[in-house]
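For what it's worth, my numbering labels the leading residue of the sequence shown as 20, then goes sequentially.
For each residue, glycine too, the CB sits at the ideal point set by N, CA and C.
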Amino acid sequence: SPQRVPLLAGNWKMNLDHLQATHLVQKLDWTLRDAKHDHAAVEVAVLPPFTDLRSVQTLVDGDRLAIKYGAQDLSKHQSGAYTGEVSGAFLAKLGCTYVTVGHSERREYHGETDETVNAKVAAAYANDLVPIFCVGEGLEIRQAGTHVEHVLDQVRAGLEGLPADKAASIVIAYEPVWAIGTGEVATPADAQEVCGAIRTLLAELYSGDLADRVRILYGGSVKSGNVAAIMEQADVDGALVGGASIDPVEFAAICRYRD
Ligand code: PEP
Numbered sequence: 020s021p022q023r024v025p026l027l028a029g030n031w032k033m034n035l036d037h038l039q040a041t042h043l044v045q046k047l048d049w050t051l052r053d054a055k056h057d058h059a060a061v062e063v064a065v066l067p068p069f070t071d072l073r074s075v076q077t078l079v080d081g082d083r084l085a086i087k088y089g090a091q092d093l094s095k096h097q098s099g100a101y102t103g104e105v106s107g108a109f110l111a112k113l114g115c116t117y118v119t120v121g122h123s124e125r126r127e128y129h130g131e132t133d134e135t136v137n138a139k140v141a142a143a144y145a146n147d148l149v150p151i152f153c154v155g156e157g158l159e160i161r162q163a164g165t166h167v168e169h170v171l172d173q174v175r176a177g178l179e180g181l182p183a184d185k186a187a188s189i190v191i192a193y194e195p196v197w198a199i200g201t202g203e204v205a206t207p208a209d210a211q212e213v214c215g216a217i218r219t220l221l222a223e224l225y226s227g228d229l230a231d232r233v234r235i236l237y238g239g240s241v242k243s244g245n246v247a248a249i250m251e252q253a254d255v256d257g258a259l260v261g262g263a264s265i266d267p268v269e270f271a272a273i274c275r276y277r278d
């Protein structure tokens, strides 16, 4: 859709220290510049570990890079006695545009429930950060054939109580857990089935107009060789890229999926 600017977001996970982060962002920027990348037409974002964000901010501001950045998580609390947590206010102060919320690795290894995810979506908006709200089914649910229902339940729970003026800017990432880091990519039709169902649900929960504006990403073993077919799907507006995003040349090629 012409009204939805595609977004390619690189989730570095727990990879690259702040010096490596600077190198990667520079190399990504040079590679995209060489290709005359139009950032207004296809948006590019990186999601480094917290400890890299200050360095990324310095580079992006200093060299006026068009690459956007954000964090991989935030606290549901604003401030206080929460040792080890990071407030959305601190991320906003570092110039973050985005923050990933409810990534399957957070749900699986850090006990994040739909309620936690809902509170973190609200915390992101409280600090003017755009959540990249992640949903997706595990292998058993996929095999049982209840993946669409499962994902729509996660979307309903994550958006609970979120007013339309906020929901209008959310990014939703459909990431089937069985495709994350496994090399097993969903077929374009699998991605479309769920992304289309999410958009229909947004129209029911809010309005058709809002549903037409929200960007829905696919994530799970996206690479330069498979991204174009996924991006051709009507309801897929971008990709959340893990493993392939820590190689700047490969990630740039993913961002250049139209070439
Ligand atoms: C992710 O972590 O969001 C992801 C999609 O990982 P990968 O691309 O490595 O499957």
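Along the chain, where does the alpha helix (DSSP H) that runs through residue 270 open and close?
One-based indexing of the sequence shown puts residue 270 at position 251. 267-274 is the span of the alpha helix (DSSP H), which, as asked, contains residue 270.
Taking only beta-carbon positions, decide if residue 34 is within less than 7 angstroms of chain D.
No chain D appears in the structure shown, which is made up of a single protein chain.
Can you give me the C-alpha to C-alpha distance between residue 42 and residue 110, rounded to a whole angstrom?
Against the sequence shown, residue 42 aligns to sequence position 23. Against the sequence shown, residue 110 aligns to sequence position 91. Those two C-alpha atoms are separated by around 21 angstroms.
Terminal residues of the continuous alpha helix (DSSP H) containing residue 207?
On the sequence shown, position 188 is the one that residue 207 refers to. Unbroken alpha helix (DSSP H) run through residue 207: 207-224.
Could you check what DSSP says for residue 235 in three-state terms: helix, strand or coil?
In the sequence shown, residue 235 corresponds to position 216, counting from 1. DSSP places residue 235 in strand when its eight states are reduced to three.
Is residue 259 a contact residue of the ligand PEP, with contact defined as CB to any heavy atom under 6 angstroms?
Residue numbering aside, residue 259 sits at position 240 when the sequence shown is read from its first letter. Within the cutoff, so yes.
Kindly indicate which three-state DSSP category residue 121 falls into: helix, strand or coil?
As a first step, residue 121 must be located in the sequence shown, where it is residue number 102. Coil at residue 121, not helix or strand.
Pairing CB atoms from the stretch 22-34 with CB atoms from the stretch 57-73, are three or more of them under 8 angstroms?
Cβ pair count under 8 angstroms is three or more, so yes.
Have a look at the DSSP bridge pairing and note the partners of residue 66.
In the sequence shown, counting from the first residue as 1, residue 66 sits at position 47. Answer is 30.
Give the single residue among 215, 241, 139 whose Cα lies nearest to the Cα of residue 166.
Along the sequence shown, one-based indexing puts residue 166 at 147. The shortest C-alpha separation from residue 166 is found at 215.
Where does residue 170 sit, in a helix, a strand or coil, going by DSSP?
As a position in the sequence shown, residue 170 is number 151, starting the count at 1. Residue state, collapsed to three classes: helix.
Give a yes or no on whether the C-beta atoms belonging to residue 252 and residue 210 are separated by under 7 angstroms.
Walking along the sequence shown from the start, residue 252 turns up at place 233. Walking along the sequence shown from the start, residue 210 turns up at place 191. Cβ atoms of residue 252 and residue 210: closer than 7 angstroms.
Residue ranges of each beta strand (DSSP E) run of no fewer than 3 residues wholly in the stretch 134-210, ordered along the chain?
Whole beta strand (DSSP E) segments, 3+ residues: 149-154, 190-193.
Do you know offhand how far residue 218's Cα is from residue 122's?
Within the sequence shown, the letter at position 199 stands for residue 218. Within the sequence shown, the letter at position 103 stands for residue 122. Using only the alpha carbons, I get a separation of about 19 angstroms.
Hey, is residue 240 close to the ligand ATP, as in C-beta under 6 angstroms from one of its heavy atoms?
The ligand ATP is absent from the structure shown, which contains only the ligand PEP.
Examine the ligand PEP and report whether any of its heavy atoms sits within less than 6 angstroms of the Cβ of residue 235.
For the purposes of this step, residue 235 is taken as the residue at position 216 of the sequence shown. False, no ligand heavy atom lies under 6 angstroms from that Cβ.
So residue 117 and residue 95 are in contact, right, with Cβ under 8 angstroms, and what is the actual spacing, rounded?
In the sequence shown, residue 117 corresponds to position 98, counting from 1. In the sequence shown, residue 95 corresponds to position 76, counting from 1. Contact flag wrong, Cβ pair sits at about 17 angstroms.
Go to residue 47, then tell me how far its alpha helix (DSSP H) extends in each direction, as first and last residue.
Position 28 of the sequence shown, counted from the start, is the residue given in the question as residue 47. Residues 37-53.
Taking the straight line between their C-alpha atoms, what separation do you get for residue 70 and residue 247?
Numbered from 1 along the sequence shown, position 51 holds the residue referred to as residue 70. Numbered from 1 along the sequence shown, position 228 holds the residue referred to as residue 247. If I take the Cα positions, the gap works out to 32 angstroms.
So what's residue 262 in DSSP terms, helix, strand or just coil?
Here the question's residue 262 lines up with position 243 in the sequence shown. Residue 262: helix per DSSP, three-state reduction.
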